[in-house]
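In case it helps, the working numbering puts the sequence shown at residues 918 to 1101. Glycine included, C-beta positions come from ideal geometry on N, C-alpha and C. In this text, all values refer to a predicted model and were calculated from it rather than measured experimentally. Below you'll find the structure, written out as structure tokens, and then a few comments.
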Amino acid sequence: MTAAQLADYFYFDKKHPQECAYRVIRKLSQRGLAMSWQGMVCRLELNEPLLRWSPGSIIPEISQIAWQNEKRWKMAVPTRTICITATAQAVAEYGGHCREPRPREVEHDINLAEVFLRLDAQSTLEGLQLTPEDSIPHDNQKRPDALLERNGEQIVIDLLGRGYSKQKIQTLWQHYREVPLELW
918 MTAAQLADYF YFDKKHPQEC AYRVIRKLSQ RGLAMSWQGM VCRLELNEPL
968 LRWSPGSIIP EISQIAWQNE KRWKMAVPTR TICITATAQA VAEYGGHCRE
1018 PRPREVEHDI NLAEVFLRLD AQSTLEGLQL TPEDSIPHDN QKRPDALLER
1068 NGEQIVIDLL GRGYSKQKIQ TLWQHYREVP LELW
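So, in structure tokens, the structure goes:
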């Protein structure tokens, strides 16, 4: 997650949301519950999925989805960003899952956090339940980025990262084509 996401989603109603976010990050860091660092990160405009699929729908045009994904990543401008993540101490005290951020995955994780925050913001209105990847049982199968339960239906959520080829997207779709799927 980023400081900007924290401000946008949790302190949007405050006079100075960024200052509130920085203050919370400092307090959490001082208590050993979060760590923060600066990095150059591209945040995507994630207003809706590139693909919403349900079994029985028309087979998607994967090359079009790959082109849209490539285009949005090329247009994204890296900006200096304060990134934050929970620590092992936070997990021990409050539960959940965490691991050390992997540098090559930070950009994907930041944008996936944006998807989670958007879906979570909708959940109070629609009764959605979101299960992140680390909470999905690992049974030697590919795990999606998340599972979303909406109106009793389970939907696979996956964020298409930078450099996802047409073949990789095709493989994702092939793997999940028997269930509802959203590719962001």
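{"query": "Burial state of residue 976, where buried means 16 or more other Cβ atoms lie within 10 Å", "result": "exposed"}
{"query": "Residue(s) in a DSSP beta bridge with residue 1066", "result": "1046 and 1071"}
{"query": "Three-state class that DSSP yields for residue 1100 in the structure shown", "result": "strand"}
{"query": "Residue 973 versus residue 1006: straight-line alpha-carbon distance, rounded", "result": "46 Å"}
{"query": "Test item: CB-CB of residue 959 and residue 1024 under 7 Å", "result": "yes"}
{"query": "Short Cβ contact (7 Å threshold) for residue 952 with residue 1004", "result": "yes"}
{"query": "Rounded C-alpha distance that separates residue 1013 from residue 1052", "result": "8 Å"}
{"query": "Meets three-Cβ-pair contact criterion under 8 Å: the region 1073–1081 and the region 1027–1040", "result": "yes"}
{"query": "Nearest-angstrom Cα separation, counted from residue 966 out to residue 1099", "result": "6 Å"}
{"query": "Residue 1004 - DSSP class collapsed to helix/strand/coil", "result": "coil"}
{"query": "Candidates 1038, 994, 1097 and 941, of which the one nearest residue 1069 by Cα", "result": "1097"}
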